[in-house]
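The number in this note's numbering is simply the position in the sequence shown, starting from 1, with 13 added.
Backbone N, C-alpha and C define an ideal beta-carbon position, used for all residues, glycine too.
Contents: one structure, followed by commentary.
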Amino acid sequence: MKKNNSWWETLKGIFFPRVCFICEREIKEGILCQLCFEKIVFLTPPLCRMCSLPLKSNSNLCRNCRNKYFFYDQLVSVALYQTPLSSLIHLFKYREYAFLKKFFASLMVSHLKRIGFDFTPYNLIVSVPSHPLRIREKGYNQSQLLAEELSSFLNIPYSKNILICTKYHKTQTQLNYRERILNIEGNFCAQGDLTGKNIILVDDVVTTKATISECSKVLKERGASSITIITLARAQ
């Protein structure tokens, strides 16, 4: 027997009211209530082109990035990795909350367009890969889910087969900068001819930039013209 949709939605609203994922206030739709949403610290210009942290002036680079070499061309993060966004990302990254991908991707696209980011030069989206054993442990690669949703929103092709993680390594979470570099060194490879490709490389959170740098290195070795990193959040 086919359910009457309006009746069924009303019934669900009575017995299973939708609540904010953070404070559990009742909401009509979405993931966060307005109060919690307004606590997200969105990153707006001026930002350092290579680390996406706020600048005090309109220069392109912060003091830490000024004299360093980068394999990627730009890093753009949407918001700071702090509550409430960090709590949602934790759910998305370590538990079965894959449905948050649409909320996150929509958040990323709407904010980047609002600050004037131009998506038109890009012709390929890739994501920071996970090793197959890590995917088996978690059930999915959260960066891949974000990239697939961004591809759908932006109508830019996504490929999961170009960038591959070839070695199983320790999680980066508790490692310092030097340990992170050593932990992921030589762990990634890129496939195919990327000549002429302007690539968006997607990750959920950027901290020390060690992983995205290693991924960008192998993409450039395959001929990528430019690489822009887009992440949902930036750790301070």
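Are three or more beta carbon pairs between the segment 130-145 and the segment 163-181 nearer than 8 Å? yes
Using the C-alpha atoms, what's the distance from Pro59 back to Lys69? 7 Å
Hey, Leu245 and Ile148 are a contact pair by Cβ (cut 8 Å); roughly how many whole angstroms apart? No, Leu245 and Ile148 are not in contact; Cβ-Cβ is about 19 Å, not under 8 Å.
Quick one: which unbroken beta strand (DSSP E) runs of 3-plus residues sit fully inside the segment 76-150? Chain order, please. 87-93 and 137-140
Can you tell me which of Pro97, Asn200, Cys228 and Tyr107 puts its alpha carbon nearest to the alpha carbon of Ser239? Cys228
Pop quiz: Asp217 and Ser143 are said to be a contact at Cβ under 8 Å. What is the actual Cβ separation, rounded to whole angstroms? In fact, because the Cβ distance is near 11 Å, the residues do not count as touching under 8 Å.
For Asn189, does the three-state DSSP call read helix, strand or coil? coil
Ala248 in three-state terms, based on DSSP: coil
Between the CA atoms of Gln204 and Leu48 - distance to the nearest angstrom: 45 Å
Limits of the unbroken beta strand (DSSP E) element including Ala203: Phe201 to Ala203
By Cβ distance, which residues of its chain are closer than 7 Å to Pro97, with the 5 residues on each side in sequence left out? Ile35, Leu45, Cys49, Lys52 and Ile53
Glu39 in three-state terms, based on DSSP: strand
Using DSSP's beta-bridge definition, name the partner residues of Leu158. DSSP, once it has assigned bridges, lists no residue as partnering Leu158.
For a test of the three-state rule: what should DSSP assign to Cys46, helix, strand or coil? coil
Assigned secondary structure, Ser226 (DSSP; H/G/I helix, E/B strand, else coil): helix
Give me, in chain order, the residues of the same chain whose beta-carbon lies closer than 6 Å to that of Arg31; leave out the 5 immediate sequence neighbours on both sides. Ile40
Member of Ile242, Arg38, Ile212 and Ala248 whose CA lies at the smallest distance from the CA of Arg235: Ile212
Alpha-carbon to alpha-carbon, Val219 and Ala237: 21 Å
State the Cα-Cα distance for the pair Thr221 and Leu158, rounded to the nearest angstrom. 22 Å
So, does the CB of Phe84 fall closer than 8 Å to a CB anywhere in chain C? Reference to chain C is not applicable here, since this structure consists of a single protein chain.
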